[in-house]
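S.K.:
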Amino acid sequence: MREVLIASRHRFERIIKAKPPSQQTDLICIHDVKSKQLQETLIHAQEALVIQILLDVLHQYKKTACLPAYRELQGVICSFVHQMFITNPVLAKLVHFQGYPSDQIKPLIYSVPSMHICLDFIPQMLATNELETQIFAFELLTDLSSFYPIRTALLVVKLALQVYATLLRVLSNDDRLRFFSRTYKFLTHMSSIFPPLTQNSVYVLQQAIRTCSLAPSNLPQLKWTSDSLGRPRRIDI
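Okay, here's the thing in structure tokens:
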């Protein structure tokens, strides 16, 4: 697959250079810049689409294949995706803004070492006006923070908690329920990943209970590690 994409890249270059403009210097410079931009856009779109197709194939294969066969295919695809992300980090951003099946997030994080770069653009995903993109960002951040409980993740989670609270206020009732039903794990997991954020997580979860008109008994309990006792404790909402 990598060789096919390289060949395609060279073909794009030949096609774009096939029709030069008139021999005026300024026009030639402008044409070169625009041609380069067009070439990069086409290549990025194609490579992102290839990754999307591979992830969809992996998602479908999981439903029918035996576990060893699925693991083997997963290893091959994830290795390829990692190399693509390392070679061109822009692809990671394109792929995640487009989204893919949520059940592929955790396998990718475990098998693609370069997935940590997603922390750099999750704030941009949260800032979009597309609810599906925002939901996907919270799902991605939940698993990324679990695997990479680092300072960068902590800062992104702090921002995400503010965005979460804002969305609870501005979304319609139907969108709010859909949003919370798919992202509540973000709130219930953050308290154990980053104990200093427990109070913030509880506050936003209480907001969700009120705005979604949900009974506390229907929600999972929060867990966090107490610094003083050194063992897991529970918070009742």
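Each step along the sequence shown adds one to the number in full-length UniProt numbering, with nothing skipped, and position 4 is 4. Glycine residues also receive a C-beta, built at the ideal position from the N, C-alpha and C atoms.
Specify, as a first and last residue, the run of the alpha helix (DSSP H) that alanine 69 falls within.
M.R.: Its alpha helix (DSSP H) spans residues 67-87.
S.K.: Tell me whether the beta-carbon of valine 157 lies closer than 7 Å to the beta-carbon of methionine 190.
M.R.: Yes, Cβ-Cβ distance for valine 157 and methionine 190 is below 7 Å.
S.K.: Write down every uninterrupted run of the beta strand (DSSP E) in the region 150-205 whose length is 3 residues or greater and which is fully enclosed by it, in chain order.
M.R.: As far as the region 150-205 is concerned, it has no whole beta strand (DSSP E) run of at least 3 residues.
S.K.: What are the boundary residues of the alpha helix (DSSP H) that leucine 119 is part of?
M.R.: Where leucine 119 is concerned, there is no enclosing alpha helix (DSSP H), given that its DSSP letter is neither H nor E.
S.K.: If you reduce the DSSP assignment to three classes, tell me which class proline 113 lands in.
M.R.: Residue state, collapsed to three classes: helix.
S.K.: So the alpha helix (DSSP H) glutamate 132 belongs to, where does it begin and stop?
M.R.: It spans 131-147 - the alpha helix (DSSP H) in which glutamate 132 sits, taken as one unbroken run.
S.K.: If you compare alpha carbons, which of Asp120, Leu73, Gln74 and Ser79 is closest to histidine 96?
M.R.: Nearest C-alpha to histidine 96: Asp120.
S.K.: With DSSP run on the structure shown, which of helix, strand or coil describes proline 101?
M.R.: In the structure shown, proline 101 sits in coil (DSSP, three-state: anything other than H, G, I, E or B).
S.K.: Pick helix, strand or coil for alanine 48, following the three-state DSSP scheme.
M.R.: Alanine 48: helix per DSSP, three-state reduction.
S.K.: Valine 163: which of Asn173, Arg151, Phe179 and Phe85 sits nearest, CA to CA?
M.R.: With distances taken between Cα atoms, valine 163 lies closest to Phe179.
S.K.: For leucine 91, which residues in the same chain have their Cβ closer than 8 Å to its Cβ, ignoring the five residues on either side in sequence?
M.R.: Taken in chain order, the residues that qualify are His44, Glu47, Ala48, Ile51, Met84 and Phe85.
S.K.: If you pair each beta-carbon of the region 54-71 with each one of the region 96-108, do three or more pairs fall below 8 Å?
M.R.: Taking 8 Å as the limit for Cβ pairs, the verdict is that the region 96-108 does touch the region 54-71.
S.K.: Quick check: the region 132-144 against the region 168-175, are there 3 or more CB pairs under 8 Å?
M.R.: At 8 Å Cβ cutoff, the stretches do not touch.
S.K.: Grab me the residues of serine 146's own chain with a C-beta within less than 8 Å of its C-beta, minus the 5 sequence neighbours each way, in chain order.
M.R.: Cβ within range, chain order: His189 and Ile193.
S.K.: Return the CA-CA distance between threonine 198 and threonine 41, expressed in angstroms with no decimal places.
M.R.: So the alpha carbons of these two residues sit roughly 42 Å apart.
S.K.: Can you list, in chain order, the residues of its chain whose CB lies under 6 Å from that of aspartate 143, leaving out five sequence neighbours each side?
M.R.: These residues qualify, in order along the chain: Ile105, Lys106 and Ile109.
S.K.: Our contact map puts alanine 153 next to leucine 126 with C-beta atoms below 8 Å; I'd like the distance itself, whole angstroms only.
M.R.: Wrong, their Cβ atoms sit about 14 Å apart, outside the cutoff.
S.K.: Could you check what DSSP says for alanine 92 in three-state terms: helix, strand or coil?
M.R.: Alanine 92 falls in the helix class under three-state DSSP.
S.K.: CA-CA distance, leucine 177 and histidine 59?
M.R.: Approximately 26 Å, taken between the alpha carbons.
S.K.: Starting from the C-beta of residue 238, find all residues in its chain whose C-beta is less than 7 Å away, skip the five residues before and the five after it, and write them out in chain order.
M.R.: In this structure the chain extends from 1 to 237, so residue 238 is not present and cannot be described.
S.K.: Which residues in the same chain as threonine 183 place their Cβ atom closer than 7 Å to its Cβ, once the five residues preceding and following it in sequence are excluded?
M.R.: The residues are Ile135, Phe138 and Glu139.
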